[in-house]
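In short: position in the sequence shown from 1, add 17, done, that's the numbering used here.
All C-beta atoms in this analysis are idealised placements derived from N, C-alpha and C, irrespective of residue type, glycine included.
One structure below.
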Amino acid sequence: MVKKIISFILFFLISINFVNATEVDVISEKYILYNMNEGVILDEKDAYSETYIASLTKIMSVIVALENIDDYEKKVTITSDMLKDIDWDVAVTGFSINQEVTYNDLLYGAILSSGADSINALGYSIAGNMDEFVKLMNNKVKELGLKNTKFANAIGLYDENNYSSAYDVAQILIYSLKNKKFKEIFETKEYKLSSGKDIKSTLYYYNKNSDINVEYIKGAKTGYINASGYCLASTATINNVDYLLVTLNARGSTQNNHILDSTKIYDYFSSNYSYQNIVSRDDIVVNLNTKYAKEKNINIKSGVNIDKYLKNGFDKTKLKYEYNGISKIDATTKIGTKIGTIKVIYNDEVLDEFDLLFNEKLTLSVLGIMYKNNFLIIACILLIILFSLPSKKKRKRK
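Listed below in structure tokens is the structure:
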């Protein structure tokens, strides 16, 4: 019950950032799309519900491993324990007992070929056994504050206690991509192991019999088990917009439904949305009365340039500026002084808010000059009074 309440609160708070929730009709039961330029959610579908995520589990496995490795070229010997629990139908990189590999081999093998043998080798070499390695993963879950995630294994095999949500997977990926090495691995499409063997991203395996263009997808991690359906966590840059997308639970016999869904979402948003200018530096945002100035009022320009990711067809003439600040501008106000704030409103939605700085010049009136120089005036008055007083010599009797 507590989890449901937390999920609802999270959904309510974050949904205020949506361009428009669930704009695209897809097979995937759950997904979430981010605009990483601004760090906001563009679209989502049941993104906070707990579900099975299959090999997307390996995103967490790899970032935990990376944070415990000092030398990526260090040798690791594959043992029988590392391979003993791997079923015949589980994806592997293809290592054998007693083979010497590098940590780089294991890390790239875990992401690109989704190798269970790579993950086990990482777990055993870092934590001693897989149970201890999974504890490290769950510690990271707590560290990241994830509410709908728990790991029972590092591979992503079916277990009722191995679950996450589209939102949580996105958070894990966002966190992981801050690690330079992880980003490098995640965005690699092909890699040559130290043995000379070439491995490719499973993105191409699932897309091998279709003509779907996936070249613009920068990084990807696929996942599949019967309980989860087809899953995909990916990043893409289109028209200078950096996207991050997690799709989960694409059912059906078609092996590339997760790819179809992802490209459909990417295509829709890149075709229907773009960055639009909502504020230019010379845009007049408010007219204010003045004091101590010859001008009775003055137009204040924004002084800033703001572009926002909005639906094509945006009409700047319908923008409204809501000013909150001083009602009169003193002619002695210094350039660069904050005088208030401006909310930029479009169709009753606040698109942005910024500080308004005084950036114009006013001409001092006579009263303004006196006000500005009041200390001189007072000094003159005091001198006049002083010299007008009768001197002591004049008061002295002869």
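Start-to-end residues for the alpha helix (DSSP H) that takes in residue i
i	result
residue 90	From DSSP, residue 90 is part of no alpha helix (DSSP H); its letter is neither H nor E.
residue 201	197-203
residue 294	Counting along the chain, residue 294 falls outside any alpha helix (DSSP H), though it belongs to the beta strand (DSSP E) covering 290-296.
residue 74	74-83
residue 191	183-194
residue 100	97-100
Cβ-heavy atom distance, residue i to the ligand FMN, below 6 Å
i	result
residue 57	Absence of the ligand FMN is noted for the structure shown, with no ligands found whatsoever.
6 Å Cβ shell around residue i - same chain, five flanking residues per side excluded
i	result
residue 189	76 and 77
residue 207	217
residue 354	375
residue 403	none
In DSSP terms, what residue i is bridged to
i	result
residue 52	57 and 260
residue 125	Bridge partners of residue 125: none, in fact.
residue 62	48
residue 7	With the chain running from 18 to 415 in the structure shown, residue 7 is simply not present.
residue 271	DSSP, once it has assigned bridges, lists no residue as partnering residue 271.
residue 374	355
residue 265	47
residue 240	248
First through last residue of the beta strand (DSSP E) which encompasses residue i
i	result
residue 251	246-255
residue 363	355-363
residue 328	323-328
residue 303	301-308
residue 316	314-318
residue 41	Careful: residue 41 lies outside any beta strand (DSSP E) and carries neither H nor E.
residue 2	Given a span of 18 to 415 for the chain in the structure shown, any question on residue 2 remains unanswerable.
residue 346	345-347
residue 208	207-209
Cut-off 8 Å between Cβ atoms - residues of its own chain near residue i, not counting five sequence neighbours on either side
i	result
residue 180	67, 68, 69, 70, 165, 166 and 167
residue 344	305 and 306
Cutoff 7 Å; reference residue i; Cβ partners in own chain excluding five residues on either side
i	result
residue 290	36, 326, 327, 328 and 329
residue 63	46 and 47
residue 132	108, 109, 110 and 126
residue 73	173, 186, 238, 240, 248 and 250
residue 314	304, 305, 306 and 307
residue 115	94 and 95
residue 405	none
Chain D contact for residue i (CB, 7 Å cutoff)
i	result
residue 189	Given the protein chain composition of this structure (a single chain), no chain D is represented.
Those runs of the beta strand (DSSP E) which lie wholly inside the stretch 136-177 and span at least 3 residues | none
Taking only runs of the alpha helix (DSSP H) that begin and end inside the stretch 213-238, which ones reach a length of at least 4 residues, in chain order?
-> 219-223
When the Cβ atoms of the stretch 117-124 are set against those of the stretch 209-227, are three or more pairs found closer than 8 Å?
-> Yes, since at least three Cβ pairs between the stretch 117-124 and the stretch 209-227 fall closer than 8 Å, the two stretches touch.
Inspect the CB distances between the stretch 94-105 and the stretch 135-148 and report whether three or more fall short of 8 Å.
-> yes
Taking 8 Å as the threshold, find out whether the stretch 220-239 comes into contact with the stretch 140-159 through three or more Cβ pairs.
-> Not touching, per the Cβ criterion.
Take every Cβ of the stretch 260-276, pair it with every Cβ of the stretch 288-302, and state whether three or more of those distances are shorter than 8 Å.
-> no
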